[in-house]
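Only one structure is covered here, and it is reproduced in the block below.
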Amino acid sequence: MRSVTVTIGYPGSDISVNHYQGRRRDGGTYVKPQAKAFMNDLGWLLKTSHIEDWNMPISVTCSGKFKDKNNTPDLSNLSKCILDGIEELIGINDQNYRWHDGTITWDKDEEPTLTITVEEVEDA
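Numbering-wise (my numbering), the sequence shown opens with residue 5 and increments by one.
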């Protein structure tokens with residue numbers, strides 16, 4: 005079973021499913037620049053692992069380290085932005101993903117980070 009783990013800075017609520025899109029005047033939506041940059045950075049961190057060649061489906065687990073409980077997001081709310089970031093750069097349709105919330109830790113002295121593990125699902 006293949007897997008890859010990357011750690012990336014947490015940019016705040018900009019990547020929450022509730023905040024990553026904005027509305028245009030014509031009623032359409034767009035991905036906010038901060039969320040787009042995060043998605044692009046994440047995709048490039050994972051691209052060298054050639055996940056597109058792995059057996060599908062794949063499991064995506066997100067864990068986080070945050071300053072305190074008051075600044076801790078619901079990890080499930082980050083799934084849309086994270087999975088779209090993988091899909092855009094790697095090209096795997098999101099129907100092939102299985103999302104899992106990981107663990108949450110707190111450290112007031114360190115910058116918030118997300119640790120994202122992508123792995124093949126056994127016996128898929």
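Think of the CB as a built atom: it goes at the ideal place given N, C-alpha and C, for glycine as much as any other residue.
Treat the numbers as computed from the prediction; the structure is a model and nothing was measured.
Check: Cutoff 6 Å; reference Met60; Cβ partners in own chain excluding five residues on either side; Outcome: Asn100
Check: Best match in Asp111, Ile120, Glu92, His104 for proximity to Met43 [C-alpha to C-alpha]; Outcome: Glu92
Check: Leu50 to Asp30 span [Cα, whole Å]; Outcome: 35 Å
Check: Endpoints, alpha helix (DSSP H) assigned at Glu91; Outcome: 83-94
Check: Whole-angstrom distance between Glu114 and Leu98, CA atom to CA atom; Outcome: The sequence given here has Asp at residue 98, not Leu. Approximately 32 Å between the Cα atoms of the pair.
Check: Contacts around Ser83, its chain only, beta-carbon distance under 6 Å, and the 5 residues preceding and following it disregarded; Outcome: Trp103
Check: Presumed contact (8 Å Cβ cut-off) between Thr11 and Thr119, rounded CB distance; Outcome: 5 Å
Check: Distance between Ile19 and Ala39 (C-alpha atoms, nearest Å); Outcome: 5 Å
Check: Opening and closing residue of the alpha helix (DSSP H) in which Gln38 lies; Outcome: 37-51
Check: Reference Leu87, options Thr121, Lys69, Trp58, Thr117, closest by Cα; Outcome: Thr121
Check: Nearest-angstrom Cα separation, counted from Ile96 out to Glu56; Outcome: 6 Å
Check: Which residues DSSP lists as bridging Gln99, in chain order; Outcome: Paired residues: none, contrary to the question.
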